[in-house]
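Visitor: Taken in order, these protein sequences are the chains called A and B.
For the first sequence, this note's numbering gives the first residue as 1, with consecutive numbering after it.
For the second sequence, this note's numbering gives the first residue as 163, with consecutive numbering after it.
For every residue, glycine included, the Cβ atom is placed at its ideal position computed from N, Cα and C.
Note that the structure is a prediction, hence the values are computed from the model and not measured.
Take this structure, written in structure tokens, and hold onto it; I'll ask about it next.
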Amino acid sequence: MPDTYQPRILAFFCNWCTYTAADLAGVSRMKYAPTTRVVRVMCSGRIDPQFILSAFAKGADGVLIGGCHPGDCHYLEGNVKCLRRFRILQRMLVDLGIEPERIRLEWISASEGGKLKEVINAMSADLVRLGPLNLPDALRSFDAEVLKEETEAEVQELVTIP
Amino acid sequence: MSTKPKVGFYWCASCGGCEESFVDVAEAILDLAQLVEFAIFPVAMDFKRQDVEALDDGEIFATMINGAIRTSEQEEMCHLLRRKSQVIIAYGSCAYSGGIPALANLVSKEALMKYVYEDAPTVVNPDHARPQTETLDQGRMATLPEIREMVRSLDQVIEVDYSIPGCAPNPKLVLAALQTLLSGERPPKGAVLAPNVALCANCPRIDTKPRELSVKAFKRPHLHEVDPDTCLLAQGFLCMGPATRSGCGEACIRGNMPCTGCYGPVDGILDQGAKILTSLASLVEAHDEAGIDHAMEAIVDPVGSFYRYGMAKSLLRRKIDLPTPVAR
């Protein structure tokens, strides 16, 4: 692995807190690892575990979820719903061969730009240590052993003289 | 020469339960036998591969294939049947989404073979003999199919027109599907020939499902008495009803057992396990980590519970740190 390896983190940030914290970190000119792609969601409770699995399947090395501190949810309990799913999802992902450090849930309020910076730096360091997950290549290789048959269109292509 | 449409029924990595369900169509099978002629049906009738090879391409009207796909021989037969059939139906959970056999995607082929041929308590094999694809015996070459690194659903190997999920499928759905197809009607390609609603919608206990469900701690059905009339989730049992397609006739619920998810998800769901996880974890009452973990302690094997029938069709498809399949 080249030492220039930059992990790719897909981040889901709650509109009311962590997304605003990221904004604050930006206007405060805080510097942190350029590893994160942010998706703004209205609530961490909106994050379907399908999003997280899709992120890994499509090439994310890690998934970071940022929500409001317990008790501060704009929708009362969305963040607690997220926590309930997260606890069992993390356990399940370990059984599927994905290290627990690759998925992280943090409560970051709108004023905690500094915490956002620390969390992203810490997670990036964890992921550099783990190395790339590289699921898209793995998924592509899965069917390499299967018997293939030319589809009708391909056969037509073979027999048709252009 | 008969002009009845030909129908095939083939099996791959399966238990035979799908054949049972086909026989469970019961006396209606006699009417069906008037309408169609079997081209291949290994479990009940004597057809050989050569008989199928002798048919014209597309001569079979519809072939129902059950079982997951793991060997080279199964792949060959599926390709052959695809060529000879106008319609291919993935029949049962294994062909549809991998089923129980696809849980083998959580271990490597090497680990599997080592256990089956060496470590299992009933095995005596001092030479560590393993099945070979080719063995020379008294001057003759004996061959066996190759076992693949992974288990696959039928649509990961050949093009599939329709699916009838279930472990095993409800005979009523099977009969309805065949009648629809024989009438000349063709549902949109890729359709799952079962209702597109969750099991809860048809559950005989739906009236006892509280509006606000909340679970203190999940329970395992073999350790507790199960009330035969109350919603199983309200009792705290892990029931996959909210995230599982209906159509089964709710047989498990009527037998006082929670749904295990064999009909797969409804349309539009990418990952059955993720969806079941979402619906069940959200019911937990606790607000703190320790309480939440305690509530879900009884889910001892999350993958096995949430992907019991859907591992092959899940987004990750297998445990991801196993050896990758070698390209042919």
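Out of B:A216, B:C177, B:D391 and B:E221, state which residue places its alpha-carbon closest to the alpha-carbon of B:A230.
Guide: Checking every option, the nearest Cα to that of B:A230 belongs to B:C177.
Visitor: Of all Cβ atoms in chain A, is any one closer than 9 Å to the Cβ of B:K210?
Guide: Output row for B:K210: interface = no.
Visitor: Given this structure, state the Cα-to-Cα distance separating B:D483 from B:L194, to the nearest angstrom.
Guide: Distance between the alpha carbons of B:D483 and B:L194: 48 Å.
Visitor: Using 9 Å as the limit for Cβ to Cβ distance, is A:A144 near chain B?
Guide: So, interface residue.
Visitor: So, is the C-beta of A:G97 closer than 9 Å to a C-beta in chain B?
Guide: Closer than 9 Å to some Cβ of chain B, the Cβ of A:G97 qualifies, so yes.
Visitor: Along the segment 472-483 of chain B, where does the CB come closer than 7 Å to a CB of chain A? Name the residues.
Guide: Cβ contacts with chain A: L477, L478, R479, K481, I482 and D483.
Visitor: Can you tell me which of B:Q294, B:A413, B:D391 and B:V322 puts its alpha carbon nearest to the alpha carbon of B:M226?
Guide: Minimum Cα distance to B:M226 is reached at B:V322.
Visitor: If I'm right that B:S255 touches B:G328 with Cβ under 8 Å, what's the distance once you round it to whole angstroms?
Guide: Confirmed, about 6 Å.
Visitor: Listed in chain order, which residues of the segment 423-449 of chain B have Cβ atoms closer than 9 Å to some Cβ of chain A?
Guide: Listed by position, the residues of the segment 423-449 of chain B near chain A (Cβ gap below 9 Å) are I431, L432, D433, G435, A436, K437, L439, T440, L442, A443, S444, L445, V446, A448 and H449.
Visitor: Kindly indicate which residue of B:A190, B:Y469, B:A489 and B:V488 has the alpha-carbon position closest to the one of B:L268.
Guide: Residue B:Y469 is the option with its Cα nearest to B:L268.
Visitor: Pull out every residue of the segment 268-298 of chain B whose Cβ sits closer than 7 Å to any Cβ of chain A, in chain order.
Guide: For the segment 268-298 of chain B, which is checked against every Cβ of chain A, not one residue is closer than 7 Å.
Visitor: Spatial neighbours of A:T18 within its chain, please: CB distance less than 6 Å, with the 5 preceding and 5 following residues excluded, ordered by chain position.
Guide: Closer than 6 Å at Cβ, skipping near neighbours: G66 and I108.
Visitor: Cβ-heavy atom distance between B:T392 and the ligand HEM below 8 Å?
Guide: No copy of the ligand HEM appears in this structure; indeed no ligand is present at all.
Visitor: So which residues on chain A does B:M458 lean against when the C-beta distance must stay under 9 Å?
Guide: By Cβ distance, chain A contributes R84, R87, I88 and R91.
Visitor: Scan the segment 174-199 of chain B and note each continuous alpha helix (DSSP H) run of 4 residues or more that stays entirely inside, going in chain order.
Guide: DSSP runs (the alpha helix (DSSP H)) wholly in the segment 174-199 of chain B: 179-185 and 190-197.
Visitor: Out of B:K276, B:W173, B:G260 and B:R367, point me to the one whose CA is closest to B:F203's CA.
Guide: When only C-alpha atoms are compared, the closest one is B:W173.
Visitor: Please decide whether A:P162 counts as near chain B, where near means a Cβ-Cβ distance under 9 Å.
Guide: Legend: pLDDT at A:P162 = 46, less than 50; position of this residue unreliable, value from coordinates given subsequently. No, A:P162 does not count as interfacial toward chain B.
Visitor: Give the residues of chain B in contact with A:V41, contact being defined as C-beta atoms less than 7 Å apart.
Guide: The contacting residues do not exist; A:V41 stays about 14 Å from chain B at best.
Visitor: Using the Cα positions of B:P375 and A:Y5, report the straight-line distance between them to the nearest angstrom.
Guide: Per the sequence shown, residue 375 of chain B should be read as Leu rather than Pro. Looking at the two C-alpha atoms, the distance is approximately 46 Å.
Visitor: For chain A, check one thing: does any of its Cβ atoms lie closer than 9 Å to the Cβ of B:D218?
Guide: Closer than 9 Å: no.
Visitor: Shortest alpha-carbon distance to B:R416 belongs to which of B:L355, B:L361 and B:Q434?
Guide: That would be B:L361, whose Cα lies nearest to the Cα of B:R416.
Visitor: Anything in chain A within Cβ reach of B:T406, meaning under 8 Å, just list it in chain order.
Guide: Those do not exist, as B:T406 stays about 16 Å from chain A at its closest Cβ, beyond 8 Å.
Visitor: Exposed or buried, what is B:Q236 when buried is set at 16 or more other beta-carbons lying within 10 Å of its beta-carbon?
Guide: Classification for B:Q236: buried.
Visitor: Identify every residue that forms a DSSP beta bridge with A:K117.
Guide: Paired residue(s): none; A:K117 is not in a bridge.
Visitor: Identify every residue that forms a DSSP beta bridge with B:M303.
Guide: Its beta-bridge partners are B:L298.
Visitor: Please report how far the alpha carbon of A:W16 lies from the alpha carbon of B:N364, in whole angstroms.
Guide: Rounded to the nearest angstrom, the two C-alpha atoms are 39 Å apart.
Visitor: Note down the Cα distance separating A:D126 from A:A33, rounded to an integer number of angstroms.
Guide: Their backbone Cα atoms lie some 12 Å apart in a straight line.
Visitor: Taking the straight line between their C-alpha atoms, what separation do you get for B:H384 and B:D463?
Guide: Straight-line Cα distance between these residues: approximately 15 Å.
Visitor: Can a CB atom of chain A be found closer than 9 Å to the CB of B:A489?
Guide: Closer than 9 Å: yes.
Visitor: Mind listing the chain A neighbours of B:I207? Cutoff is C-beta to C-beta under 9 Å, in chain order.
Guide: A small correction: the amino acid at residue 207 of chain B is Met; Ile does not occupy that position in the sequence shown. Neighbours of B:M207 on chain A: none; closest Cβ ~26 Å, over 9 Å.
Visitor: Could you check the C-alpha separation between B:G170 and A:Q90 for me, to the nearest Å?
Guide: Rounded to the nearest angstrom, the two C-alpha atoms are 44 Å apart.
Visitor: Determine the burial state of B:N228: buried for a count of at least 16 other Cβ atoms within 10 Å of its Cβ, exposed for fewer.
Guide: When all chains shown are included, B:N228 counts as buried.
Visitor: Residues of chain B with CB under 7 Å from A:L53, in chain order?
Guide: Residues of chain B passing the Cβ test: D433, A436, L477 and L478.
Visitor: With B:M275 as the anchor, note down where its alpha helix (DSSP H) starts and where it stops.
Guide: From DSSP, the alpha helix (DSSP H) with B:M275 extends over K271 to K276.
Visitor: Let me check understanding here. Comparing Cα to Cα, which of A:E99, A:S44, A:V63 and A:L83 lies closest to A:Y75?
Guide: If we check each option's Cα against that of A:Y75, A:S44 comes out closest.
Visitor: So with CB distances below 7 Å, who are the chain B contacts of A:E149?
Guide: H241, listed in chain order.
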